[in-house]
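Each remark here refers to the structure printed beneath this line.
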Amino acid sequence: MTIALAPGADPRAIQRILAGLGLWTRRLAGREGETLLEVLPHSARVPASTLREIPGIRDVFLPESPHPRLDTHPGVVRIGEVAIGAGHPPVLMAGPCAAENEDQVHRLAAAVARAGARVLRGGAFKPRTSPYAFAGHGRRALRWLAAAARENGLLLVTEVMDPGAVELAAEAADILQVGSRNMQNFPLLHAVGAAGRPVLLKRGMAATIDEWLQAAEHCLAHGAPAVLPCERGIRGWDRGTRNLLDLGAVALLAGERGLPVIVDPSHAAGRRDLVVPLARAALAAGASGLLVEVHDDPGAALSDGPQAIRPGELAAILRPPRVDLHPRPAGPARPARP
Ligand code: PEP
Ligand code: MN
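The opening residue of the sequence shown carries number 577 in the numbering used here; numbering runs sequentially from there.
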C-alpha cells in the first residue's frame, strides 16, 4: 500500500500518526515534489478509508495483487466446533495414508481421537506414482471414513483428484484436500472451490510460494469459503529425506500473511523417526495445524508405510517442544534408518 501526502503535509508527523496505528512506513521519492509513504510488511491492516480521513493524507493506493481474496482471508477458520488459526491450539489431523479396510479406519479414528486429534485424515482416492500401486478403495472408503469420523467426534479431511468425484467427496468430508501433484490442476481447483467446503491445499512439490498463493486464490475465486495452505516439503537435491520441509514458507505465510498454515511432516520426512521433530519445529515456525500419517502396522501399510508413525507416538507431537529436539543416545552415532 502506498500513501500520497497532501502538499505541505509534514511526512514525519504523518509517519508518527501511522505508527500509532501499527503501520510502519518508508518514504519514497514521488514525482514533482510529491511525498509518498510505502507501508511495510508486518504492519497492521488498516482500511484505506480510515487512512484517507487523516489530515495531510491525499490518497491511498492499494497494490494490484494477484490474490485479492487471499489477501483478506481470515486468520482463523472455523469448521464445526474446530477453530484453526493463530491464537487457537494447534489442530492435529491424523489417520492412515489410505483407508485400507473398514476395521482399520475405525480403529485408527478412535486412536487418533484419543491422542487429541480433531480431524481424521484418510485417503479414498490415492495419487500414486506407479500405475500398479494401490490407489485407494474409492467410494466405499469415503463411507468408512465419514462414519468413523462421526462416531469419534472428528471432522474429516480427504483428498480428491478428479473434478467428477468432488461432489461425492464433499458429501462425506468437512475439508477437501488437493494433493501436491494437483496444486495447479485448475479445473480441479475450480470444482473443489465450487463445492463450498474449506480446501486443504498442499503445496506443489516444485511450486514457488507465489504459485501456491495463486492456486489458493483459484479456490477462493470459485467459491471456497476458506483455504488451509499445507506445506508438505518441496523437492530438494538430498535424498536423505523424501522432501525438504520449507519452514521459511510456513513462517512467512503464518507471520506475514496471517494465514492458518498446516504442515505435513510425514510426506516431508518420508521416514517416521523425523516426523515428531519436524512437527514440533513446524509449530514453532507458526503452523496452525499438523497433518500426520498414522498406521498401527506400518510394515504392512498399503501406502507410505515408512513414514507412518504408530498411534502411541502421536500424543508426543502436541506436547510442548523441548529445547533438545533430537535427543541422541550415548555412544556412537546411529546409522541412518529409513
Ligand atoms: C497424501 O497426503 O497422502 C499425499 C499423497 O500427499 P502429497 O500430495 O503431499 O504427496
Ligand atoms: Mn501418504
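Quick reminder that beta carbons are idealized off the backbone N, C-alpha and C, glycines included.
Here the structure is a predicted model, which is why all the values come from computation and not from measurement.
For residue 673, the distance from the CB to the nearest heavy atom of the ligand MN is below 6 Å.
In chain order, 785 and 807 place their CB closer than 6 Å to the CB of residue 825, counting only its own chain and leaving out the 5 sequence neighbours on each side. If you check the CB distance, residue 698 and residue 672 come in under 7 Å. In this structure, residue 703 and residue 669 do not form a Cβ contact; the two beta carbons are roughly 18 Å apart against a cut-off of 8 Å. According to DSSP, residue 669 shares a beta bridge with 695 and 867. By the criterion of a C-beta distance shorter than 6 Å, residue 878 is surrounded in its chain by 674, 676 and 710, once the five residues flanking it on both sides are discounted. If you keep only unbroken alpha helix (DSSP H) runs of at least 4 residues inside the stretch 589-645, you get 624-628.
The shortest C-alpha to C-alpha distance from residue 775 to any of 787, 749, 782 and 783 is the one to 749.
Looking at the backbone, the Cα of residue 595 and that of residue 614 are separated by about 12 Å. In the three-state DSSP reduction, residue 837 falls in the coil class, being neither helix nor strand. Remark: C-beta atoms of residue 771 and residue 742 approach each other more closely than 7 Å. One Cα belongs to residue 610, the other to residue 628, and the distance between them is close to 16 Å.
In this structure, residue 778 sits away from residue 809, with a CB-CB distance that is not shorter than 7 Å.
Within the DSSP secondary-structure output, residue 806 pairs in a beta bridge with 778 and 838. In the three-state DSSP reduction, residue 895 falls in the coil class, being neither helix nor strand. Residue 632 is not a Cβ neighbour of residue 580, given a cutoff of 7 Å. With a cut-off of 8 Å on Cβ pairs, the stretch 826-839 is in contact with the stretch 849-865, counting three or more such pairs. If you look at residue 846, you'll find it isn't in any beta strand (DSSP E); DSSP assigns it neither H nor E. Restricting attention to 608, 689 and 612, the CA atom closest to the CA of residue 588 is found in 612. If you draw a 10 Å sphere on the C-beta of residue 625, you find fewer than 16 other C-beta atoms in it, and that means exposed. The beta-bridge partner set that DSSP reports for residue 735 consists of 753. Residue state for residue 800 is assigned as coil, using DSSP reduced to three classes. Remark: the shortest separation between the CB of residue 840 and any heavy atom of the ligand MN does not fall under 6 Å. Minimum Cα-Cα distance from residue 694 among the listed residues 658, 591 and 638 corresponds to 658. From the listed residues 790, 745, 616 and 684, the smallest Cα separation to residue 868 is found for 684. Relative to the ligand MN, residue 880 has its C-beta within less than 6 Å of a heavy atom. Counting only residues of its own chain and dropping the five nearest sequence neighbours on each side, residue 874 has a CB closer than 6 Å to the CB of 881 and 884.
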